[in-house]
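To keep things clear, I will list the structure first and then write my remarks on it.
Number of protein chains: 2
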Amino acid sequence: MTGEFDLIDRIRQRVGSDSSVLLGIGDDAAALLPTPGQALVATTDTLVEGRHFLPDWAPADIGHLALAANLSDLAAMAARPRWLLLSLTLPAADPDWLDAFLDGFLPLAERFGALLVGGNMSSGPLSITVQALGEADPAGLLRRGQARPGDCLAVTGVPGEAAAGLALGHAAPLALIERWKRPEPRVDIARQLAPWLSSAADVSDGLLADLAHLLRPGQGATVQLSDLPASPALMSALPEHRARWQAQLTGGSDYELVMSLAPDRIEQARACCQAAGLAWSVIGQVNDSGQLRCLDEQGQAFEFDRSGWDHFLSPPVTARESTP
Amino acid sequence: MTGEFDLIDRIRQRVGSDSSVLLGIGDDAAALLPTPGQALVATTDTLVEGRHFLPDWAPADIGHLALAANLSDLAAMAARPRWLLLSLTLPAADPDWLDAFLDGFLPLAERFGALLVGGNMSSGPLSITVQALGEADPAGLLRRGQARPGDCLAVTGVPGEAAAGLALGHAAPLALIERWKRPEPRVDIARQLAPWLSSAADVSDGLLADLAHLLRPGQGATVQLSDLPASPALMSALPEHRARWQAQLTGGSDYELVMSLAPDRIEQARACCQAAGLAWSVIGQVNDSGQLRCLDEQGQAFEFDRSGWDHFLSPPVTARESTP
Numbered sequence: 001m002t003g004e005f006d007l008i009d010r011i012r013q014r015v016g017s018d019s020s021v022l023l024g025i026g027d028d029a030a031a032l033l034p035t036p037g038q039a040l041v042a043t044t045d046t047l048v049e050g051r052h053f054l055p056d057w058a059p060a061d062i063g064h065l066a067l068a069a070n071l072s073d074l075a076a077m078a079a080r081p082r083w084l085l086l087s088l089t090l091p092a093a094d095p096d097w098l099d100a101f102l103d104g105f106l107p108l109a110e111r112f113g114a115l116l117v118g119g120n121m122s123s124g125p126l127s128i129t130v131q132a133l134g135e136a137d138p139a140g141l142l143r144r145g146q147a148r149p150g151d152c153l154a155v156t157g158v159p160g161e162a163a164a165g166l167a168l169g170h171a172a173p174l175a176l177i178e179r180w181k182r183p184e185p186r187v188d189i190a191r192q193l194a195p196w197l198s199s200a201a202d203v204s205d206g207l208l209a210d211l212a213h214l215l216r217p218g219q220g221a222t223v224q225l226s227d228l229p230a231s232p233a234l235m236s237a238l239p240e241h242r243a244r245w246q247a248q249l250t251g252g253s254d255y256e257l258v259m260s261l262a263p264d265r266i267e268q269a270r271a272c273c274q275a276a277g278l279a280w281s282v283i284g285q286v287n288d289s290g291q292l293r294c295l296d297e298q299g300q301a302f303e304f305d306r307s308g309w310d311h312f313l314s315p316p317v318t319a320r321e322s323t324p
Numbered sequence: 325m326t327g328e329f330d331l332i333d334r335i336r337q338r339v340g341s342d343s344s345v346l347l348g349i350g351d352d353a354a355a356l357l358p359t360p361g362q363a364l365v366a367t368t369d370t371l372v373e374g375r376h377f378l379p380d381w382a383p384a385d386i387g388h389l390a391l392a393a394n395l396s397d398l399a400a401m402a403a404r405p406r407w408l409l410l411s412l413t414l415p416a417a418d419p420d421w422l423d424a425f426l427d428g429f430l431p432l433a434e435r436f437g438a439l440l441v442g443g444n445m446s447s448g449p450l451s452i453t454v455q456a457l458g459e460a461d462p463a464g465l466l467r468r469g470q471a472r473p474g475d476c477l478a479v480t481g482v483p484g485e486a487a488a489g490l491a492l493g494h495a496a497p498l499a500l501i502e503r504w505k506r507p508e509p510r511v512d513i514a515r516q517l518a519p520w521l522s523s524a525a526d527v528s529d530g531l532l533a534d535l536a537h538l539l540r541p542g543q544g545a546t547v548q549l550s551d552l553p554a555s556p557a558l559m560s561a562l563p564e565h566r567a568r569w570q571a572q573l574t575g576g577s578d579y580e581l582v583m584s585l586a587p588d589r590i591e592q593a594r595a596c597c598q599a600a601g602l603a604w605s606v607i608g609q610v611n612d613s614g615q616l617r618c619l620d621e622q623g624q625a626f627e628f629d630r631s632g633w634d635h636f637l638s639p640p641v642t643a644r645e646s647t648p
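These protein sequence lines map, in sequence, to chains B and E.
Sequential numbering from 1 applies to the first sequence in the numbering used here.
Sequential numbering from 325 applies to the second sequence in the numbering used here.
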């Protein structure tokens, strides 16, 4: 019969190490050697079945998403991923499920140089909590709430693709489903962009909600809806522009970066993203109005549902799934 | 209507900070300043309703236990607690529940100098994941698997009290229920004992299972059952000595420390615990037999159920609760 310790052994056999890991999986805690002079950047995210993913998801997709959500938080701080803890709560000790989960989790970790050094295993309703530890130059931390009036607002990639995939469910084009299930944390580009930015956050709760996190008290912003980037997949999934805007402004789970920067830094930032082959779009500007306004091509304010993603106030993934 | 962000604000208003916290609750991740030259010690534990605690538990007890389990892991490494992340998965955004939970969590954190610096909030079946970060002198880390033949084995406190409380449920004396719900992480005494010890672990899975973690491959140990410490509460709850031994050897959740040490270090270790007013008992010895043997007063081997605590193989707390 497979138990907790067999599963932990299975994980241990697949993880790497380096000289920063004094003690990895197998002791009461991991012991790590931080880089002198670096800030330690720490974040955690939990994925719950039925809220963040559906029961029919492949375990590898769950493994990828659980880690990507955490790496995205490190990216939003311009931190370099270093170490991971993984707390798995599983309905049963299923080694095949675990292997498949790790098939999604470990390659993403390796790609960003993060080592799995410990964790926890419990039985219960399926949920996954990852803790990601990264390092960053204390003076180079990319923070929320640091925008300056007159700064431009910009975003990587095409926000709304994940939300469109999520809203349409099985009816969505594969490209959009992949954007929801296999988001790409913007770790490398965030560190390249950081010197040019005044503030940044990752888009996990919805573009407008996360954009608002960049602002200081009393600040506001205008977003030019016609400047929101779109892709053929998104256009075909949501051809009606108001529905598309709604998904782009309030849909969560894109894990793109939203950022503020002085207008004279736009060319440097654009060049970074061009070199990386990543879309990057200026979508608005910070002001002192205290209000977030979204304007269409005629300069008319677009009235949208402002709720963004709230884990208690938003409907669960399954409810959205059933109403495409 | 209360949402995720209201709950996070509620937490933020109650937590302290110090100069090691560059960025606490409210950004994409926390940014911390580790102490130069110290190893970073990282651990995580998840508590699931019905497995680790019962639906009728007071939220403050859940908050205490969730943190105590993590601080106990840091204790077992002789680490000093520094920073905490808290990932809460709650069925509903109930501010009263959260306040009561924090009433158990925050005072324990403060007592051990640990700062809550970030976390995550999701909706779903109740579970709590804490990540605890501590620091320790890299040369002073208290590790598993470092026992030497001839070392004595010792334990703090009275192992089995939590298991007896858990097994008897509402029928248990209050003192035993408190030992299960409100375990005391042995943080300070572990750091005082560390210089005298060859190896240590905390007793979370059961005394024998965790004692086995101290041994190197090929090593074994004998445990003298008559040397297991008992308390009036434990004696009255489990008067029959075989039932008591079973609870003491295999019951989890004591969060005491089990340790190995050279015989000529016994007096120093005992003096540490005496000064702290904490029971400390030598219960056995390490050998090269490759076997764990438990001997009664007549030198007869005691046959017990060796399973210890496995989150998948052991019955859930609720099942134990219903069969006192």
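Positions of the beta carbon are idealized from the N, C-alpha and C atoms, including for glycine.
Computed from a predicted structure; not experimentally measured.
Euclidean distance between Cα positions of T318 (chain B) and R12 (chain B): For this step, residue 318 (chain B) is matched to residue 318 along the first sequence. For this step, residue 12 (chain B) is matched to residue 12 along the first sequence. With a pLDDT of only 39 at T318 (chain B), under the threshold of 50, the placement of this residue in the model should not be trusted, and no figure is reported.
message: I want to see whether chain B comes within less than 8 Å of V441 (chain E), judged by CB atoms only; does it?
response: In the second sequence, counting from the first residue as 1, residue 441 (chain E) sits at position 117. Yes, contact with chain B.
One or two residues paired with V345 (chain E) in a DSSP bridge: As a working note, residue 345 (chain E) is residue 21 in the second sequence. V345 (chain E) pairs with E:L356.
- request: Kindly provide the ranges of any beta strand (DSSP E) runs that are 3 or more residues long and lie completely inside the segment 456–495 of chain E, ordered along the chain.
  value: 476–480
field: Terminal residues of the beta strand (DSSP E) in which S446 (chain E) lies
entry: Taking the second sequence and counting its residues from 1, one reaches residue 446 (chain E) at position 122. Counting along the chain, the beta strand (DSSP E) containing S446 (chain E) begins and ends at L439 to S447.
- request: State the Cα-Cα distance for the pair H494 (chain E) and I501 (chain E), rounded to the nearest angstrom.
  value: For the purposes of this step, residue 494 (chain E) is taken as residue 170 along the second sequence, with counting starting at 1. For the purposes of this step, residue 501 (chain E) is taken as residue 177 along the second sequence, with counting starting at 1. When rounded, the distance between both Cα atoms is 8 Å.
- prompt: Going by C-alpha distance, which of B:L7, B:P149, B:L168 and B:R179 is nearest A100 (chain B)?
  reply: Walking along the first sequence from the start, residue 100 (chain B) turns up at place 100. Among B:L7, B:P149, B:L168 and B:R179, the Cα nearest to that of A100 (chain B) is on B:L7.
- prompt: Is there a Cβ from chain B that is less than 8 Å from the Cβ of L490 (chain E)?
  reply: Reading the second sequence from its first residue, position 166 is the one you call residue 490 (chain E). With 8 Å as the cut-off, L490 (chain E) does not count as an interface residue toward chain B.
field: Boundaries of the beta strand (DSSP E) in which D369 (chain E) is found, first to last residue
entry: Along the second sequence, read from residue 1 onward, the residue named residue 369 (chain E) stands at position 45. Start and end: A363 to V372.
task: Specify the secondary structure class of S550 (chain E) as computed by DSSP and reduced to three states.
output: The count along the second sequence starts at 1 and reaches residue 550 (chain E) at position 226. Reduced to three states, the DSSP call for S550 (chain E) is helix.
- prompt: Does the beta carbon of W48 (chain B) come closer than 8 Å to any beta carbon on chain E?
  reply: Stepping through the first sequence from its first residue, residue 48 (chain B) is reached at position 48. The sequence as given places Val at residue 48 (chain B); Trp does not occur at that position. Yes - at least one Cβ of chain E is within 8 Å of the one on V48 (chain B).
field: Own chain residues within Cβ distance below 6 Å of V372 (chain E), not counting five before or after
entry: Position 48 of the second sequence holds residue 372 (chain E). Only S451 meet the Cβ criterion.
message: I want to verify the contact list: residues of chain B whose CB lies under 8 Å from the CB of R467 (chain E), in sequence order.
response: What you label residue 467 (chain E) is simply residue 143 of the second sequence in a count that begins at 1. Correct list: L23 and D27.
- prompt: Looking at C-beta atoms only, is the number of pairs between the segment 189–200 of chain B and the segment 50–70 of chain B that lie closer than 8 Å three or more?
  reply: no
message: Could you give the first and the last residue of the continuous alpha helix (DSSP H) run that contains L409 (chain E)?
response: Translated into the one-based positions of the second sequence, residue 409 (chain E) becomes position 85. From DSSP, L409 (chain E) is part of no alpha helix (DSSP H) but of the beta strand (DSSP E) over R404 to L414.
W280 (chain B) - DSSP class collapsed to helix/strand/coil: By one-based count along the first sequence, residue 280 (chain B) stands at place 280. In this structure, W280 (chain B) counts as strand in the three-state DSSP scheme.
- request: Taking 8 Å as the cut-off, decide whether the C-beta atoms of C152 (chain B) and L292 (chain B) are in contact.
  value: The residue you call residue 152 (chain B) lines up with position 152 of the first sequence. The residue you call residue 292 (chain B) lines up with position 292 of the first sequence. The answer is no: Cβ separation not under 8 Å.
task: Tell whether a beta-carbon distance below 8 Å holds between S341 (chain E) and G350 (chain E).
output: Locating residue 341 (chain E) in the second sequence gives position 17, where the first residue counts as 1. Locating residue 350 (chain E) in the second sequence gives position 26, where the first residue counts as 1. For S341 (chain E) and G350 (chain E), no; Cβs fall outside 8 Å.
Inter-residue Cα distance where the pair is D254 (chain B) and L408 (chain E): Along the first sequence, read from residue 1 onward, the residue named residue 254 (chain B) stands at position 254. Along the second sequence, read from residue 1 onward, the residue named residue 408 (chain E) stands at position 84. Distance between the alpha carbons of D254 (chain B) and L408 (chain E) is about 27 Å.
- request: Identify whether R14 (chain B) lies in helix, strand or coil by the three-state DSSP scheme.
  value: By one-based count along the first sequence, residue 14 (chain B) stands at place 14. Three-state result, R14 (chain B): coil.
task: Could you check if R14 (chain B) is buried or exposed, using at least 16 other CB atoms within 10 Å of its CB as the buried criterion?
output: One-based indexing of the first sequence puts residue 14 (chain B) at position 14. Exposed, by the Cβ-count rule.
- prompt: Contact check, G119 (chain B) vs S87 (chain B) under 8 Å by CB: the rounded distance?
  reply: The sequence position of residue 119 (chain B) within the first sequence is 119, counting from 1. The sequence position of residue 87 (chain B) within the first sequence is 87, counting from 1. 5 Å between Cβ atoms; contact.
task: Quick one: grab the DSSP three-state call for F53 (chain B).
output: The residue you call residue 53 (chain B) lines up with position 53 of the first sequence. If DSSP states are grouped into helix, strand and coil, F53 (chain B) belongs with the strands.
- request: Can you tell me which of the three DSSP states V187 (chain B) falls into?
  value: The residue you call residue 187 (chain B) lines up with position 187 of the first sequence. DSSP places V187 (chain B) in helix when its eight states are reduced to three.
field: Contacts of L85 (chain B) in chain E (Cβ-Cβ under 9 Å)
entry: To locate residue 85 (chain B), count along the first sequence from 1; it is residue 85. Near L85 (chain B) (Cβ distances below 9 Å), the residues of chain E are A366, T367, T368 and Q455.
task: Express the C-alpha separation of G251 (chain B) and A162 (chain B) in angstroms, rounding to a whole number.
output: Residue 162 (chain B) sits at position 162 when you count from the first residue of the first sequence. Residue 251 (chain B) sits at position 251 when you count from the first residue of the first sequence. Their Cα atoms are separated by approximately 7 Å.
query: Taking the C-alpha atoms as reference points, what is the distance between P185 (chain B) and A68 (chain B)?
result: One-based indexing of the first sequence puts residue 185 (chain B) at position 185. One-based indexing of the first sequence puts residue 68 (chain B) at position 68. Rounded to whole angstroms, P185 (chain B) to A68 (chain B) spans 6 Å at the Cα level.
task: Compute the Euclidean distance between the alpha carbons of S523 (chain E) and P405 (chain E), then round it to the nearest angstrom.
output: For the purposes of this step, residue 523 (chain E) is taken as the residue at position 199 of the second sequence. For the purposes of this step, residue 405 (chain E) is taken as the residue at position 81 of the second sequence. Each residue's Cα considered, the two are about 20 Å apart.
field: Validate contact between the segment 355–371 of chain E and the segment 33–51 of chain B using beta carbons, cut 8 Å, 3 pairs
entry: yes
message: Can you find the residues in the same chain that come closer than 6 Å, C-beta to C-beta, to C597 (chain E), ignoring five residues on each side of it along the sequence?
response: Working through the second sequence from its first residue, we reach residue 597 (chain E) at position 273. The answer, listed in chain order, is W604.
- request: Could you pull out every residue in the same chain whose Cβ sits closer than 8 Å to the Cβ of R148 (chain B), ignoring the five residues on either side in sequence?
  value: Locating residue 148 (chain B) in the first sequence gives position 148, counting from the first residue. S198, S260, A262 and V286, listed in sequence order.
message: Let me confirm a value: Q298 (chain B) is counted as buried when at least 16 other C-beta atoms fall within 10 Å, else exposed. Which label applies?
response: Residue numbering aside, residue 298 (chain B) sits at position 298 when the first sequence is read from its first letter. Exposed, because fewer than 16 other Cβ atoms sit within 10 Å of the Cβ of Q298 (chain B).
- request: Could you tell me which of B:A247, B:D296, B:W180 and B:V282 sits nearest to W57 (chain B), measuring between CA atoms?
  value: To locate residue 57 (chain B), count along the first sequence from 1; it is residue 57. Residue B:W180 is the option with its Cα nearest to W57 (chain B).
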